[in-house]
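Here is the structure we will look at.
2 protein chains.
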Amino acid sequence: MTKPESLVPFFNPRGVVVIGASHDPTKLGYLLATNLHRSGFKGAIHYVNLKGGTLLGKPVYTSVLDVPDPVDLAAILIPAQFVAPALRDCGQRGIQAAIIGAGGFREIGPVGLELEQDMLKVAAAEGIRLLGPNCIGLLDTHLPLDTTFLPPPGPTPGDVAFLSHSGAICAAAIDWARGQGYGISRLISLGNQADVSETDLIGPTAADEHTRVIALYLEGIRSGREFIKQARGVIKSKPIIALKVGRFESGRKAAASHTGALAGEESAYNAAFRRAGVLRAETSEEMFDQARALAWCPLPKGNRVGVLTNAGGPGVTAADALEARGLKMAVFSPETLKTLAESLPPAASLHNPVDMLASAGPEQFAACLKAMLADPGTDSVMVIYPTPPMHSAGAVAKALIPIIHQAEKPVVVSVMGERLIQEAVEHLRAARIPEYRFPERAAAALAALVERVELLKHAAEKPLMRDDVKTELVREIIKTGQKDNHLTAIETARILTAYGIQSANLKLATTEDEAASLAEEIGLPVVLKVASADISHKTDVGGVLLNLADVKSVRGGYQNILAQAQAALPDAKLTGVYVQEMAPPGQEVIIGAVQDPQFGPIMMFGSGGTEVEGLKDLAFGLAPLTELEIATMLKRTWAGRKLGGYRNILPADIPEVEEVLIRLAQLAWDFPELAEIEINPLRVFPDGQGAAAIDVRMRLIPV
Amino acid sequence: MTKPESLVPFFNPRGVVVIGASHDPTKLGYLLATNLHRSGFKGAIHYVNLKGGTLLGKPVYTSVLDVPDPVDLAAILIPAQFVAPALRDCGQRGIQAAIIGAGGFREIGPVGLELEQDMLKVAAAEGIRLLGPNCIGLLDTHLPLDTTFLPPPGPTPGDVAFLSHSGAICAAAIDWARGQGYGISRLISLGNQADVSETDLIGPTAADEHTRVIALYLEGIRSGREFIKQARGVIKSKPIIALKVGRFESGRKAAASHTGALAGEESAYNAAFRRAGVLRAETSEEMFDQARALAWCPLPKGNRVGVLTNAGGPGVTAADALEARGLKMAVFSPETLKTLAESLPPAASLHNPVDMLASAGPEQFAACLKAMLADPGTDSVMVIYPTPPMHSAGAVAKALIPIIHQAEKPVVVSVMGERLIQEAVEHLRAARIPEYRFPERAAAALAALVERVELLKHAAEKPLMRDDVKTELVREIIKTGQKDNHLTAIETARILTAYGIQSANLKLATTEDEAASLAEEIGLPVVLKVASADISHKTDVGGVLLNLADVKSVRGGYQNILAQAQAALPDAKLTGVYVQEMAPPGQEVIIGAVQDPQFGPIMMFGSGGTEVEGLKDLAFGLAPLTELEIATMLKRTWAGRKLGGYRNILPADIPEVEEVLIRLAQLAWDFPELAEIEINPLRVFPDGQGAAAIDVRMRLIPV
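Residue numbers (the working numbering), protein chains in the order written: chain B, 874 to 1576; chain A, 874 to 1576.
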């Protein structure tokens, strides 16, 4: 639960006590005490250890009860079994925030879990917020404050806040930051998250004036919707980029629908991050590469990139990398081309990528960059160069920096090489200009800026909900279904109707005669489908007959379907046969919803039919859906793009598909007891003629 | 043209003359002279400059004619217009190999192109092989020899040969190598490739005993099949990894078939690299990351990886990265688990990834790695660790090295961080063990080793060709078609038959009466299709009617089709209407071939129908096809996987599909005059019942 005010002592303590401070330099309790001592923390520092004595020029108290004012944060690094009693003392002493560095809790098994629960009980009783256990601590380079027990040196002050579910990744991140030349504002190791979670810390971290971007290493999120809410609340001013690992850990679930089988944890995280406006990094390196660009660059207005270089190869490589990331090569105006021509030798290539040739020096780099940035057709620029043969890479960097600082468009630099270009690198880092050794990484950084613009649009959107839905009616139908944990095709059709989604007319026949008379009532030709709570995929058991044109075929079909289904699944209880109108032709799509344990209902859209899992032409989104999310889902799938018409396929009723998506998402949102909902296919008629659910599956969560 | 013996002077000259050697330290001619002087080259070194004098303690001759023996290689760095005369002198002097560093040729436009052609004429007349022009030169760190004009320092000696179409990338590569701690054996800048190309150099480079891997930066390949031949000739002993850029440069071609529209340059390169056994790197960084692993590691037997780490986060990150690259986590035997348990504390995680916990020291790393390598279920190992809190990363590296050296399985190491882990990095580099700062890059390196094993299988395969094809008959039919640059459906069916591919029976009707009698002859129901050389996509113009069950429908259909087609395309010349048997139901696939300008015929396989471009369920391969290539194409597409059966879709006749692929590839190989060949759909009947081409398109190259 987020109670931001209770987290204040973690980030602005008046006094910190280290419980378990050690004299022994080989002990983590010694490292913690010295890190805190050396951090430059301006508040009071206290040490507690049963052995007493003095440490770093201060008395070591034998109990936290003896620690003088001010003290409002405890950093506890003692064996697990002693943590709960220590917390009780902290409570008595009036301390309401504690960092539990110690391991030996939940992560080691049942014994540790019990210790963790005992500790939590004490913390709750004493009103203490906990970071950890099993964490490395937190540090703030600007306050400054360091409660970690990592070997020095710590990170340099900077703009990137890093929150991590892994302590080891924290240690690596500090060193990566040092190697790649950016600073860290705050680093928080979350450990087991017995109390405080990544979600709780988003708001307080974004509120930090020194933090310009939040980078997250996540192994999972417990309260998905709260995470989205917190992220959406801050991302307008503070970008968030996340590396979510553990992608391949989730095993296959048993599922009754295509949606249930396909809308896995990964789809849910992707949909959730998009709704939250959180960038998802593919690799650790990419996360920090992109975090720098997000922290330092203005946002581009679009995706048209100018490339400035002093050789052909780097230009082609950059163009490839940019296009692979979905960016476009800018097309320059005649004025820009004229300015470039004035600065460059005749053999130079003026068109994007601009190849100034190997002779180009600092002035030419600067003049060309200026001209490219002034072009209204350029949204951002990548400068890419190996050390120019006749100039120093550093001199070029120095000439570029003032132009980049004046620009309102983002510029990233790829200085190719490693050791020869260190001077250039140092200049660029000091000027807070993102620089990369390899052009592909620079391209990825620019792509992250473009994606952030897109994500800000997503996060600004409001989910769509319709007023004309009959919630009470659906509740009643579900209640009936829950009695035998099954919704019949008649019931699912009624539920859809209650939410304004049209189904093909369908009735249940329990005798051959009834089938015949229903067929005439509905109007021939008709479709027959087996009715059984035990049969999920009806076509697989020969349980569907299409286009029966006369009563005789209907009668034969009735018997035939029952016989086939019984033969295929002898144990299935057959209720009869549904008689359904034969809907007119149209395009067919699948629309489904599934309840994700972390994020609630996830929507799926794509190519329907029986080959859904094979074709995998699918897109996912978070329910309830927004207009932009729906547009994105349609654009990302062939099924969606095809709705606009293709060759001899007529344009279909897109607004109706959008409406079904909105309403099905709303249904899934309103009724978490519907574990899976799937329309497959939704037949979409030509433009203006609507759509009809042809086959519908809903699975109830057993009560 | 490859004449390897004529290239000997480039790689083992007895004497080198620098034509254009300069006294002026700001000139490239000075850098070249000093690089050669400092390189330690053991042969004779001579300088030529019109001004004469002495340079670096040697006389400067005013003409190459004056240069004494021995001299067999010229490095020429003078303005473009003087190169041809200098070459004439070289020829007179008996020099038969020259490196032309100078620019100002083809790359600057028509004037330069003329100079290049003049130069080539002289070279041909004098029997001189040329490297360049517009190149940086070549160097060999072991010979040693350095004819580049790059600012020092040059690369350290090593195992990686680098051949590049871009000189700037050469310069960057030397510096990247220095930064990432591997050496270079040979570096060759190819420039404009007026004579010697990347293909010519593959053999001589592979023959170099110091080269263990060949890395290529390619902007294109001119003689595709020769490149494949050369590469296949060496890759068993010397792996080749290529970065091919310029992916997005090729514009859309006008094409008459789906295959023509979709089988672009990129598909051709991918298919060609696979046949050649060449690994394709996605990025510059990846190329050099993977080159190190290829140079230093034994090959794995399979794709099962053990991960050894000292913390949870790195283990999950590594597992994710490995699985994202298609590798599998190894499952350890009970013996391995027992050995691991003996080395580790009880809270450690013994199952893959093995988390030894933060307390793990060098001995534990070594013991666990040894146990994992001994497990028959482990094909390779990734060791991943941030600096252990209580030990040095360097000490761990030192303990790992002897185990890794003894192993017959590949081991890569990801030491996470940057500056804190430099000691570890230095140890590993000196021991030639691939190490990476980020786990994802280590995973990519292991994946490259696994891919190399796969590629060796591909390169070892023989293309399949059938003897029972009627080449002469096809030649005659094509000759007829060439008269009006068109092959009719009757002709394409005859061509397929001649190559043993069955088509659905089809005849041409030019009157309604003829259509009716043909329908009865073929057997009702039938299909009608418009016949016209001007109509490529018949369904788009209402030119196809299916399942006509009686003569009356056939008659009506005949008129209807002609009317529709005429209305849709008033200018199209209609020849009549084809009457075709209505083939029994089956699965439908597309099989096509297109002539690629670099690589000759490329095959396409996948989901057919009218939505080929939308679904993009396609795989490509090089004709003629091998058994493994066909298996790969089927496995990579849903259309191919589905042939084995899926839900209520019956298993189809896979051997027949394979046979059609073999035979169509052979047809495309035998007849380059067939620019595009496409069967769409090939209807594949249930297992054992064959397949039939339902619709066929062939486009002739205009003669």
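Note that the Cβ used here is the ideal one computed from N, Cα and C, for glycine as well.
Exercise for the section: Check each residue of the stretch 1019-1048 of chain A: if its Cβ is closer than 9 Å to any Cβ of chain B, include it; give the result in chain order. Expected result: Contacts with chain B (Cβ-Cβ distance below 9 Å) from the stretch 1019-1048 of chain A involve PHE1022, LEU1023, PRO1024, PRO1026, SER1037, HIS1038, SER1039, GLY1040, ALA1041, ILE1042, CYS1043, ALA1044, ALA1045, ALA1046, ILE1047, ASP1048, listed in chain order.
Practice task
For chain A, find out if any of its Cβ atoms is closer than 8 Å to the Cβ of GLN1432(B); answer yes or no.
Solution key: The beta carbon of GLN1432(B) sits no closer than 8 Å to any beta carbon of chain A.
Exercise for the section: Find out if the Cβ-Cβ distance for the pair ARG1570(A), ALA1564(A) is shorter than 8 Å. Expected result: Against a cut-off of 8 Å, the Cβ pair of ALA1564(A) and ARG1570(A) comes out as no contact.
Practice task
Count the other C-beta atoms from every protein chain shown that fall within 10 angstroms of the C-beta of THR1072(A), then say buried if there are 16 or more, exposed otherwise.
Solution key: Around the CB of THR1072(A), 16 or more other CB atoms lie within 10 Å, so the residue is classed as buried.
Problem - Distance between ALA1203(A) and GLY1124(B) (C-alpha atoms, nearest Å) - result: Residue placement at GLY1124(B) cannot be trusted, given a pLDDT of 43 that sits under 50; what the coordinates show is reported in the next sentence. So the two alpha carbons sit approximately 17 Å from each other.
Exercise for the section: Within the same chain, show all residues whose beta-carbon is closer than 7 Å to that of SER1157(B), passing over the 5 residues directly before and after it, in chain order. Expected result: By the criterion of a C-beta distance shorter than 7 Å, SER1157(B) is surrounded in its chain by LEU1116, once the five residues flanking it on both sides are discounted.
Handout entry: Inter-residue Cα distance where the pair is LYS1282(A) and ALA1240(A)
Key = Computed Cα separation, rounded: 16 Å.
Problem - Same chain, Cβ closer than 6 Å to ALA1441(A), neighbours up to 5 away in sequence not counted - result: Cβ within range, chain order: VAL1414.
Problem - Start-to-end residues for the alpha helix (DSSP H) that takes in LEU1293(B) - result: Element bounds for LEU1293(B): n/a, residue is neither H nor E.
Handout entry: DSSP three-state assignment for ASN885(B), whether helix, strand or coil
Key = Looking at ASN885(B) - three-state DSSP - the assignment turns out to be coil, as it is neither helix nor strand.
Practice task
Compare the Cα-Cα distances from PRO1028(A) to each of GLY926(A), HIS1278(A), ILE1434(A), CYS1043(A) and report the closest residue.
Solution key: Nearest neighbour of PRO1028(A) by Cα position, chosen from GLY926(A), HIS1278(A), ILE1434(A), CYS1043(A), turns out to be CYS1043(A).
Practice task
Spatial neighbours of ALA1214(A) within its chain, please: CB distance less than 7 Å, with the 5 preceding and 5 following residues excluded, ordered by chain position.
Solution key: Correct list, in chain order: LEU1223.
Problem - Cβ-Cβ distance between ALA1541(A) and ILE1550(A) below 8 Å - result: Result yes, Cβ atoms of ALA1541(A) and ILE1550(A) sit closer than 8 Å.
Practice task
Please report the residue range of the beta strand (DSSP E) in which MET1477(B) lies.
Solution key: It spans 1473-1480 - the beta strand (DSSP E) in which MET1477(B) sits, taken as one unbroken run.
Problem - Same chain only: Cβ atoms within 8 Å of GLU1546(B), ignoring 5 sequence neighbours per side - result: Closer than 8 Å at Cβ, skipping near neighbours: ILE1351, GLN1355, LEU1573, ILE1574, VAL1576.
Problem - Neighbouring residues, chain A, relative to ASP1585(B) (Cβ below 7 Å) - result: Chain B is shown only over 874 to 1576; residue 1585(B) falls outside these bounds and no answer can be derived.
Handout entry: DSSP state of TYR1431(B) mapped onto helix, strand, coil
Key = Here TYR1431(B) sits in helix by DSSP.
Exercise for the section: Using a Cβ-Cβ cut-off of less than 8 Å, list which residues of the stretch 1509-1530 of chain A approach chain B; keep chain order. Expected result: Within the stretch 1509-1530 of chain A, contact with chain B at the beta-carbon level (separation under 8 Å) is assigned to TRP1511, ARG1514, LYS1515, TYR1519, ARG1520, ASN1521, ILE1522.
Practice task
Measure the Cβ-Cβ separation of ALA1377(A) and GLN1453(A) and say whether it is below 8 Å.
Solution key: Cβ distance < 8 Å, so ALA1377(A) and GLN1453(A) count as in contact.
Practice task
Using beta-carbon positions only, say whether ARG1085(B) and ASP1162(B) come within less than 8 Å of one another.
Solution key: At the C-beta level, ARG1085(B) and ASP1162(B) stay beyond 8 Å of one another.
Problem - Cβ shell of LYS1330(B) (< 7 Å), same chain only, five flanking positions each side left out - result: Here the set comprises LEU1501.
Exercise for the section: Tell me, please, whether the CB atom of LEU1507(B) is closer than 8 Å to any CB atom in chain A? Expected result: No, no contact with chain A.
Exercise for the section: Step through the CB atoms of chain A and report whether any lies within less than 8 Å of the CB of TYR1142(B). Expected result: Cβ-Cβ to chain A under 8 Å: no for TYR1142(B).
Practice task
Evaluate contact between the stretch 916-934 of chain A and the stretch 886-896 of chain A, counting only Cβ atoms and requiring at least three cross-stretch pairs below 8 Å.
Solution key: By the Cβ criterion, the stretch 916-934 of chain A is in contact with the stretch 886-896 of chain A, since at least three pairs of Cβ atoms, one from each stretch, lie closer than 8 Å.
Exercise for the section: Could you tell me whether the Cβ of ILE1593(B) comes closer than 8 Å to any Cβ of chain A? Expected result: Nothing can be reported for residue 1593(B): it is not among the residues displayed for chain B, which extend from 874 to 1576.
Handout entry: Within chain A, partners of MET1577(B) - CB distance below 8 Å
Key = The question about residue 1577(B) has no answer here: the residues shown for chain B are numbered 874 through 1576.
Exercise for the section: Could you name the residues of the same chain whose beta carbon sits closer than 7 Å to that of ALA1168(B), not counting the 5 residues immediately before and after it, in chain order? Expected result: Excluding sequence neighbours, ALA1168(B) sits near ASP1032, VAL1033, ARG1085, VAL1086.
Practice task
Compare the C-beta of GLY974(A) with all C-beta atoms of chain B and state if any pair is closer than 8 Å.
Solution key: Interface criterion not met: the Cβ of GLY974(A) is under 8 Å from no Cβ in chain B.
Handout entry: C-beta neighbour in chain A for GLY913(B), strict 8 Å
Key = No, GLY913(B) does not count as interfacial toward chain A.
Practice task
Check whether the Cβ of ALA1438(B) lies closer than 8 Å to any Cβ atom in chain A.
Solution key: No, no contact with chain A.
Handout entry: Beta carbon of GLY1056(B) nearer than 8 Å to that of THR1014(B)
Key = Yes.
Problem - Reduced DSSP category for SER1123(A) - H, G, I as helix; E, B as strand; rest coil - result: Its pLDDT being 44, under 50, SER1123(A) is placed unreliably by the model, and nothing is read from it.
Problem - Simplified DSSP state of THR1383(A), which is helix, strand or coil - result: THR1383(A): coil per DSSP, three-state reduction.
Practice task
List the residues of chain B whose Cβ lies closer than 8 Å to the Cβ of PHE1558(A), in chain order.
Solution key: The contacting residues do not exist; PHE1558(A) stays about 19 Å from chain B at best.
Practice task
List the residues of chain A whose Cβ lies closer than 8 Å to the Cβ of ASP1193(B), in chain order.
Solution key: Neighbours of ASP1193(B) in chain A, taken as residues whose beta carbon is under 8 Å from its own, are VAL1118, GLY1119, ARG1120, PHE1121 in chain order.
Practice task
Please decide whether GLU1291(B) counts as near chain A, where near means a Cβ-Cβ distance under 8 Å.
Solution key: So, interface residue.
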